[in-house]
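Heads up, the sequence shown is in my numbering, so the first residue is 130 and it goes up one at a time.
What follows is a set of notes on a single structure, which appears directly below.
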Amino acid sequence: AGFFWEAHELWEALWHGLERRGPTARFLQGAIQSAAAQLKILQGMPRGREILWSRADGLFRDLLAHGHEVMAGVDLRGWRGDLAAWFEGEGAEFPSLRRRLVP
Numbered sequence: 130a131g132f133f134w135e136a137h138e139l140w141e142a143l144w145h146g147l148e149r150r151g152p153t154a155r156f157l158q159g160a161i162q163s164a165a166a167q168l169k170i171l172q173g174m175p176r177g178r179e180i181l182w183s184r185a186d187g188l189f190r191d192l193l194a195h196g197h198e199v200m201a202g203v204d205l206r207g208w209r210g211d212l213a214a215w216f217e218g219e220g221a222e223f224p225s226l227r228r229r230l231v232p
């Protein structure tokens, strides 16, 4: 918990490896933006947080609208809901992906 920059960097390398195309790449882009949004909170930049979370949420919603319920072993609908609740101030800690892994 709390390694938002490191997560961003790792996911970005994977995203580039996928040539930034396709559903998995869009999922990673949303994950990257959600981690970056958290960094903006820690940096005291609420507008940056709003912009990045809005973009991430748009990517996640689009994936869900096209039937991508599980992405890279993650329950996307559940994680997106956790993130949305957290960004709206309903959670004390940033939502963990571990909680939403699909066996």
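All residues carry an ideal CB built from backbone N, CA and C; glycine is no exception.
In this text, all values refer to a predicted model and were calculated from it rather than measured experimentally.
Inset, instruction - Mind reading off the beta-carbon distance from A108 to G159? Whole number of angstroms is fine, and I expect it under 8 Å. - result: Outside the displayed span of the chain (130 to 232) sits residue 108, for which this structure offers no information.
Inset, instruction - Give me whichever residues DSSP pairs with D204 in a beta bridge. - result: Walking along the sequence shown from the start, residue 204 turns up at place 75. Paired residue(s): V199.
Inset, instruction - For my contact list, L230 and G202 are in at a C-beta cut-off of 8 Å; report their separation, rounded to the angstrom. - result: Here residue 230 refers to the residue found at position 101 of the sequence shown. Here residue 202 refers to the residue found at position 73 of the sequence shown. About 6 Å; that satisfies the 8 Å criterion.
Inset, instruction - Count the other C-beta atoms from every protein chain shown that fall within 10 angstroms of the C-beta of S163, then say buried if there are 16 or more, exposed otherwise. - result: Locating residue 163 in the sequence shown gives position 34, where the first residue counts as 1. Burial is judged here by how many other beta carbons sit within 10 angstroms of a residue's own beta carbon; S163 has at least 16 and is buried.
Inset, instruction - Note the first and the last residue of the continuous alpha helix (DSSP H) segment covering P152. - result: Along the sequence shown, read from residue 1 onward, the residue named residue 152 stands at position 23. Element bounds for P152: G151 to L171.
Legend entry - Other residues of its chain near W182: CB distance less than 6 Å, five sequence neighbours each side excluded: For the purposes of this step, residue 182 is taken as the residue at position 53 of the sequence shown. In its chain, beyond the 5 residues on either side, A166 and F216 have a beta carbon closer than 6 Å to the beta carbon of W182.
Inset, instruction - Would you mind working out which of E179, F132, I170 and A194 sits nearest P152, comparing C-alpha positions? - result: The residue labelled residue 152 in the question sits at position 23 within the sequence shown. Considering only alpha carbons, the answer is A194.
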